[in-house]
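> First residue of the sequence shown: 630, per the numbering used here; consecutive thereafter.
Heads up, the beta-carbon is just placed ideally off N, CA and C, and yes, glycines get one too.
Note that the structure is a prediction, hence the values are computed from the model and not measured.
One structure, pasted below without further comment.
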Amino acid sequence: MIHQRQNPVYYAFILFSFFFLTGCSASKNGTESEESEEWIQLFNGRDLDDWTIKIAKHELNENFANTFRVEDSLMKVRYDGYEAFDQQYGHIYFNTPFSYYLLNVEYRFVGEQATGGEGWALSNSGSMLHCQDPKTILKDQDFPISIEGQFLGGDGTNPRTTSNLCTPGTNVYMGGKLFTPHCVNSTSKTYHGEQWVKAQFLVLGDSVVYHILEGDTVLKYFNPEIGGGNVSPSDPAVKVDGTPLKSGYIALQSESHPIDFRKVELFDLAAYKGDKEKLKEVMRRLSKKE
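Rendered as structure tokens:
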């Protein structure tokens, strides 16, 4: 694992460029406009108009029991309208897919887990990356085909890492080999209680993904692709094993524990995919703002 306190986003990119971009050359002239170099606020603090909801056992955009809501400028996930959770796993998807980007998510776990939630789902949520189109998710499907940046909260006593990796319907490469276990822990510290946590994900198509917390790159993996289990049921026309995950939708989870999101923002890096020097310059600038 990488341990670097200074400019973690830029440091992660430097490692990426060493392994993947050394043979590339600049493909663009001039500079991008200021408009192309701004953070996109996926959550606007007012409403969920830019998002699509899919909760297991319910139709697309049925926001069962007002699970996802906006209050006090926060996106809140709540279960006060549930009699029991009953494996009604939910996800809220931003309506635009992305491929190359830096994603910032600020979250906190609050309150008590919903009645009927699994033990493993205590203080458990996540940011789903490279998701399948929510329109292709079956009514009873539990999780989207995706890469999950798993959020876990501490129990007040025991160590419990966050920004882990789980792979519903996907596999990745680690250490040069296909990695097929469903989840792997990061090297993060434990965040107990209801404190705010800022998670960052540097996603570069189907090449490499970095999970970053507080100046630490706590996990990295390569070449995500469709494959494996932990998605049930799924459409075989969508779940074509071995297909590289080059892009997809971004989603946030409801897994039975209340959670707040106060910031979900993205810097789109797609314009710099073929331009090593410009991408390097943008990453350097972003790292200085962290």
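Got a sec? Which residues, its chain only, sit under 6 Å from Gln-742 by beta carbon, not counting five neighbours each side?
Excluding sequence neighbours, Gln-742 sits near Leu-751, Ser-885 and His-886.
> In the DSSP assignment, find the beta strand (DSSP E) that holds Asp-889 and state where it starts and stops.
888–897
> Which residues in the same chain have their Cβ closer than 8 Å to the Cβ of Leu-689, if we skip the five residues on either side of it in sequence?
Thr-681, Ile-682, Lys-683, Pro-763, Lys-764 and Ile-766
> Cα separation between Pro-853 and Val-699?
32 Å
> Output the distance between the C-alpha atoms of Tyr-736 and Val-826, rounded to the nearest integer angstrom.
5 Å
> Once you ignore the five residues that flank Tyr-984 on each side, which residues in its own chain have a CB closer than 7 Å to its CB?
A query on residue 984 cannot be resolved here, the shown segment of the chain reaching from 630 to 919 and no further.
> Just to confirm, are Ala-828 and Leu-842 a CB contact at a threshold of 8 Å?
yes
> Alpha carbon to alpha carbon, how far is Asp-904 from Tyr-878? Give it in angstroms, no decimals.
So the two alpha carbons sit approximately 24 Å from each other.
> Please classify Arg-707 as buried or exposed, where buried requires at least 16 neighbouring CB atoms within 10 angstroms.
buried
> Roughly how many angstroms lie between the CA atoms of Ile-888 and Gly-871, to the nearest whole one?
Near 33 Å, if we compare the C-alpha coordinates of Gly-871 and Ile-888.
> Should Ser-863 be labelled buried (16 or more other beta-carbon atoms within 10 Å of its own) or exposed?
buried
> Less than 8 Å between the CB atoms is what I'm expecting for Phe-727 and Asp-897, so what's the real figure, rounded?
6 Å
> Strictly by DSSP, which residues pair up with Glu-700?
Leu-703
> Return the CA-CA distance between Ile-774 and Gly-858, expressed in angstroms with no decimal places.
9 Å
> Contact defined as beta carbons within less than 8 Å: I believe Gly-783 pairs with Thr-819. What is the distance between those atoms, to the nearest angstrom?
4 Å
> When you compare each of Phe-723, Gln-761 and Asn-753 to Val-860 by their alpha carbons, which one comes out closest?
Gln-761
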